[in-house]
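K.L.:
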Amino acid sequence: MTAIRFIHSADLHLGSPFTGMRGLGAEQWKTLQDSTLSAFGRLISYALETRPDFVLIAGDIYDEEDRNLRAQHRFQQGMEQLAEAEIPVFLSHGNHDHLSGNGAAFALPDNVYVFKEHVENVELTVNGASIKIAGFSYGKRHIAESMVDSYPQAESGVIQIGMLHGSEESDTEHAVYAPFRKEQLLAKNYDYWALGHIHKRQHLSEEPPIIYPGNLQGRHRKESGAKGFYDVSLDKGQASLQFVAVEAVRFERIAIDCSGVQHMNEVFTACEEQLADYETALVAELELYNLGEAALHMLESVVPTELLETLREALSEGERFIHIAKLSFDSNQSMSEISPFGKQIADRLEGWEDRQWKQALTELYNHPKSGRFLPPLSDELREELRAGAERKIRQLMALEDQT
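So the mapping is simple: this note's numbering equals the position in the sequence shown, first residue as 1, plus 529.
Rendered as structure tokens:
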């Protein structure tokens with residue numbers, strides 16, 4: 530087998546609106562809004578510098594079927610750059626950018642092949658080697674049926690790659706789209722399966738590789754960690770994968786060791802020191818742990834929103850983008866003094882959704898005299914109410930001293 534090299538990317542979600550993000554400064558907000566486009570720009574720059582044989586984009590180029598005009602234009606420009614460098618691109622549309630969606634439909638250059646609604650097996654030649662890439666695009670928003678049977682078996686002497694935007698039948702965390710079983714993909718005897726749809730990086734199989742690269746840019750706290758694509762080499766039946774991180778803003782949950790902390794300035798110093806290693810822009814949820822009794826008492830006496838805002842201000846000094854989305858204490862530690870029933874109540878409050886908070890506060894917000902003076906029910910206010918309720922639970926339902 531002749532050695533080939535390609536980029537496997539998926540789930541670009543260009544133009545994602547980033548709804549629900551609060552407390553950001555104007556420059557931070559712009560950086561976050563532009564982050565999907567910035568990550569895509571880094572992919573294009575990497576391809577131009579390293580010159581892969583081709584690029585695969587396995588679905589969900591855009592965030593919704595009603596496509597952002599700016600995102601379409603930026604994508605078209607990127608494809609033009611790859612065309613000038615004579616780098617072929619093979620793309621399939623997924624559930625978020627299906628072929629029936631609305632949009633201005635910028636014309637893409639000839640180096641880009643867009644898969645149709647039915648499974649196709651497109652052939653190209655690289656350094657004398659015959660390569661076939663099988664895939665399809667979503668013609669509608671939701672494809673519930675399996676498409677695997679439509680993929681051809683691999684032929685002898687041909688490097689066969691499959692592109693599939695879908696989910697495993699056994700996956701209970703995500704809505705099922707174009708479902709498949711790993712055994713079905715293995716039975717096709719392909720050299721590589723380039724998957725899309727799941728935003729978490731996953732290797733379903735190593736030999737042959739069946740790979741989710743994840744999305745290019747995290748968009749909320751559940752899409753944490755490094756985000757990017759794979760640089761893949763296939764040589765004599767062996768695959769070599771290099772993950773390339775390109776996110777412009779990283780979402781991360783970070784544990785802050787507060788051993789020995791007694792004063793508030795020491796809390797701030799611990800946060801600053803443990804965030805110093807992050808070079809990229811950062812949206813973080815901080816959990817303070819190893820808190821002594823004095824530190825816990827100090828922190829629980831402070832208004833949560835005031836502590837959060839002050840910490841944001843302290844960490845955002847200078848040109849660095851560090852935004853603290855949430856601040857919490859180690860649940861095992863801070864709950865240790867609460868009775869089992871009290872802990873159950875506090876845990877339930879932690880999982881409340883917007884509708885549950887609104888239902889609980891309906892009478893207060895609808896009061897004819899006081900309702901008009903109340904602030905909007907923001908994320909920060911909900912967190913303050915939850916923390917206050919937790920403190921009250923601790924006071925009323927603390928375990929008696931058993932010694």
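Here a beta-carbon is modelled for each residue, glycine too, at the ideal position from N, C-alpha and C.
1) Do you know how far the Cα of E609 is from the Cα of A576?
2) Measuring alpha carbon to alpha carbon, tell me which of S679, E736 and Q562 ends up nearest N718.
3) Closest to R748 by C-alpha separation, out of W722, A777 and Q767, would be which residue?
4) Please go through the same chain and pick out, in chain order, the residues whose beta-carbon is closer than 8 Å to the beta-carbon of V643, but skip the five residues on each side of it.
5) Just curious, the beta strand (DSSP E) that W722 is in, first and last residue?
6) Going by CA-CA distance only, name the one from E594, R849, E848 and F780 that's closest to K756.
7) Measure from the alpha carbon of C800 to the alpha carbon of each residue in E816, E578 and E652, then state which is nearest.
8) Judging by CA-CA distance, which residue of H852, V790, E646 and P738 is the nearest neighbour of L828?
9) Which of the three DSSP states is assigned to S865 in this structure?
10) Given a cut-off of 9 Å, decide if D589 and G743 are closer than it, judged by their beta-carbon atoms.
11) Taking the C-alpha atoms as reference points, what is the distance between S567 and F635?
12) Apply the 10 Å Cβ neighbour rule to P904 and answer buried if 16 or more other Cβ atoms are within range, or exposed otherwise.
13) Using the three-state DSSP reduction, which class does M550 fall into: helix, strand or coil?
14) Examine the Cβ distances between the stretch 675-688 and the stretch 652-664 and report whether three or more of them are shorter than 8 Å.
15) If you count every other CB in all the chains shown that lies within 10 Å of the CB of P581, and 16 or more means buried, which is it?
16) If you compare alpha carbons, which of M550, H537 and I616 is closest to A813?
17) Using CA atoms only, rank isn't needed, just tell me which of I785, R710 and Q885 is closest to D806.
18) Between the Cα of V655 and those of P617, I672 and E795, spot the shortest distance and give me the residue it belongs to.
19) Can you give me the Cβ contacts of K855 inside the same chain, cut-off strictly under 6 Å, excluding the 5 residues immediately before and after it?
20) Please check the pair A707 and G695, which I expect to be a contact at CB under 8 Å, by giving their CB distance rounded to whole angstroms.
21) Does the Cβ-Cβ distance between L626 and E593 come in under 9 Å?
22) Quick test of your reading: I740 and H537, contact by CB under 8 Å. State the CB separation rounded to the nearest angstrom.
23) Under three-state DSSP, which class holds P905?
24) Just the Cα atoms here: how many angstroms apart are A823 and A555?
25) Contact check, F850 vs T560 under 8 Å by CB: the rounded distance?
26) From A918 to E842, what does the alpha carbon distance come to, in whole angstroms?
27) Do S734 and R670 have their C-beta atoms within less than 9 Å of each other?
28) Please report the Cβ distance between L745 and L572, rounded to the nearest whole angstrom; I am assuming they are in contact, meaning their Cβ atoms lie under 8 Å.
29) Using DSSP with H/G/I as helix, E/B as strand and the rest coil, what is Q803?
30) With distances taken between CB atoms, is the gap from G754 to Y721 smaller than 9 Å?
31) Could you check the C-alpha separation between E802 and E646 for me, to the nearest Å?
32) Per DSSP, R950 is paired with what?
33) With which residues is T654 paired in a DSSP beta bridge?
34) Can you say whether V832 is buried or exposed, counting buried as having 16 or more other CB atoms within 10 angstroms of its CB?
35) Per the DSSP calculation, Y642 is bridged to which residue(s)?
36) Tell me, please, which residues DSSP counts as bridged to D760.
P.N.:
The relevant details are as follows:
1) 13 Å
2) E736
3) Residue A777 is the option with its Cα nearest to R748.
4) L620, S621, H622, L637 and S666
5) Y721 to G725
6) F780
7) E816
8) V790
9) Residue confidence for S865 is low, a pLDDT of 42 falling below 50, so the modelled location carries little weight; the figure read from the coordinates is stated next. If DSSP states are grouped into helix, strand and coil, S865 belongs with coil.
10) no
11) Taking the straight line from one Cα to the other gives about 20 Å.
12) The residue in question, P904, is exposed, as its Cβ has fewer than 16 Cβ neighbours within 10 Å.
13) coil
14) Inter-segment contact for the stretch 675-688 and the stretch 652-664 is present: three or more beta-carbon pairs are separated by less than 8 Å.
15) buried
16) Of M550, H537 and I616, the residue nearest in Cα terms is M550.
17) I785
18) Selected option, being the one with the closest Cα: P617.
19) E814
20) With a Cβ gap of about 3 Å, A707 and G695 count as contacting.
21) Per the sequence shown, residue 626 should be read as Asp rather than Leu. Contact flag set, yes.
22) I740 to H537, Cβ: 6 Å. Contact.
23) In the structure shown, P905 sits in coil (DSSP, three-state: anything other than H, G, I, E or B).
24) In a straight line, the C-alpha of A823 is about 37 Å away from that of A555.
25) 6 Å
26) 26 Å
27) no
28) 7 Å
29) helix
30) No, Cβ-Cβ distance for G754 and Y721 is not below 9 Å.
31) Rounded to whole angstroms, E802 to E646 spans 52 Å at the Cα level.
32) Residue 950 cannot be examined here, being either before or after the span of the chain that is shown, 530 to 932.
33) S659
34) Burial state of V832 is exposed, judged by a 10 Å Cβ sphere holding fewer than 16 other Cβ atoms.
35) F619
36) Partner residues in the beta bridge of D760, as assigned by DSSP, are I536 and Q771.
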